[in-house]
Amino acid sequence: MKRKIIIISAAILSSVFVCGTSFAVINSKADANIMTKNGSTYVVNTTQLCKNIKGFKGATPLMIYIKSNTVVKIQPLQNMDTPNFFNRAAKSLESYYIGKKVNKIINADVDAVSGATYSSKSIIQNVKSGLEYYNRNK
């Protein structure tokens with residue numbers, strides 16, 4: 009009985025990971041889905057990495073494109089937030105992030121977009137978590 013509990017516990021722990029500054033247990037199969045490299049551009053997908061970061065109506069995953077340690081594109085993925093508010097926040101924040109160095113963004117204190125606070129806070133957290141992941145795994 010103890011052996012079954014230990015095996016089940018190990019299986020659960022090997023598939024759990026927490027987004028943000030908490031610890032992360034990530035298996036190598038999951039890593040392949042989080043960050044890929046296409047030529048000299050890294051692409052970080054925050055779908056699994058930041059599944060616990062919520063906007064107004066749920067997770068707000070992004071694809072973050074990084075070239076030469078600089079953010080070159082941020083692409084919002086399908087989410088349940090209200091499109092008008094989410095798109096306003098995404099456009100405003102993307103224009104702030106594009107062309108900036110990864111470490112500058114990670115250390116920046118970025119303000120939420122007025123009128124789209126939940127969406128913008130979730131985008132900001134997704135970007136920071138995605139870029140921290142990039143720094144650890146590039």
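Heads up: the sequence shown at position 26 corresponds to 34 in the working numbering, and the numbers run straight through without jumps.
We put the CB at the ideal spot given by N, CA and C, even for glycine.
Asked: Close-in-space but distant-in-sequence residues of the same chain around D120 (CB under 8 Å, 5 per side omitted); Found: Position check: residue 120 holds Ala in this sequence, whereas Asp was assumed. Contacts found: A97, S128, K129, I132.
Asked: Euclidean distance between Cα positions of N134 and G47; Found: 24 Å
Asked: Beta strand (DSSP E) segment containing N150, residue limits; Found: Look at the range of the chain in this structure, 9 to 146, and you will see that residue 150 is not part of it.
Asked: Burial state of A19, where buried means 16 or more other Cβ atoms lie within 10 Å; Found: Residue confidence for A19 is low, a pLDDT of 38 falling below 50, so the modelled location carries little weight and cannot support an answer.
Asked: First and last residue of the uninterrupted alpha helix (DSSP H) at Q133; Found: 125-145
Asked: Classification of P91 by the beta-carbon crowding that lies within 10 angstroms, buried from 16 upward; Found: exposed
Asked: Own chain partners of N77 with C-beta closer than 7 Å, once the 5 adjacent residues on each side are dropped; Found: K109, V110
Asked: I114 beta carbon less than 8 Å from that of K99; Found: no
Asked: Where S22 falls, given that 16 or more other Cβ within 10 Å makes a residue buried; Found: Note that S22 scores a pLDDT of 35, beneath 50, so its modelled location is shaky; the value from the coordinates is reported in the next line. With fewer than 16 Cβ atoms within 10 Å of its Cβ, S22 is classed as exposed.
Asked: Alpha carbon of L70 to alpha carbon of T55, nearest angstrom; Found: 7 Å
Asked: Whole-angstrom C-beta distance between Y142 and V52, which should lie under 8 Å; Found: 5 Å
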